[in-house]
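The structure appears below as structure tokens.
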Amino acid sequence: MRTAKSLSMLSALFLCAASCMAQNMAHSELFTADPAQSQVAFTLSDTIHTVHGTFHLQSGNVQFDPSSTPPQSHPMSGLLVVAAASGSSGDGIRDRRMANDYLQAQQFAVATFSPRSYTGAIAPAGDSTIQVEGTFTLHGTPHEITLPMQIHIEGGNCVAKTHFAIPYVQWGIKDPSTFLIHVNKQVDMDITLAGKLSPSTALSETRNP
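Note that our numbering gives residue 617 to position 38 of the sequence shown, counting from 1, and the numbers run on in steps of one.
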């Protein structure tokens, strides 16, 4: 009799755990960025002027659990891919030098960001502010980074914005400074990702391999 009761309790616990897991999986969301509506903008200053430009987002998929319980860390996965040779600042000669001499786009064709987790809460609608931890790979080298991110969700649409600085010289990119012109050693990035949300069931599906 005692064994039967124990088995019954174990079965109930198992069913409860399975139900909780199913609910968690059902609440996962997949964000798919639309490159045509998204923007990867950069700003780089030197002693003479300030250069503004953009890069092209090739693709972006991020999977997350839209939890409303801060400040715990919540799982996140996916991959954002930017074409290294797509830099456009309005000066063709400068852009070719940036792609070929500094970013070496022939060898390192893309820059990527792979999110791992986020801290904060993502509301099912309206505005949210979170901190996203992940790996930023530039010039073939991975760097751990935390990005502040503002999110706006409306229906099935989502817009995520972040501003951060890349210490590109420290990260191994050649310094473009000359004897007369001194270039800032970090480049400011302003990224806007616009796209759609859809239900998802497994956070591991979009994780960077």
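Each residue gets a CB set at the ideal place from its N, CA and C atoms; glycine is no exception.
- The way I'd put it, the region 648-664 does touch the region 697-707; three or more beta-carbon pairs between them come closer than 8 Å.
- In its chain, beyond the 5 residues on either side, Val748 have a beta carbon closer than 6 Å to the beta carbon of Lys764.
- Per DSSP, reduced to three states, the secondary structure at Asp613 is coil, with no helix or strand assignment.
- Residue burial is scored here from C-beta neighbours: Ile730 has at least 16 other C-beta atoms within 10 angstroms and is therefore classed as buried.
- Taking a contact to require three or more Cβ pairs closer than 8 Å, the region 658-670 and the region 627-639 qualify as touching.
- Between the beta-carbon of Ile770 and that of Thr725 there is about 14 Å, and that puts the pair past the 8 Å contact cut.
- Listed in chain order, the beta strand (DSSP E) runs fully inside the region 628-711 are 629-643, 652-667, 689-699, counting runs of at least 3 residues.
- Of the candidates Leu682, His722, Ala704, the residue whose Cα lies closest to the Cα of Ser693 is His722.
- Using a Cβ distance threshold of 8 Å, Thr611 and Ser779 do not count as a contacting pair.
- Looking at the DSSP output, Pro721 sits in a beta bridge with Thr716.
- Excluding the 5 residues flanking it on each side, Met655 has same chain C-beta neighbours closer than 6 Å at Phe643, Pro694, Ser696, Tyr697, in chain order.
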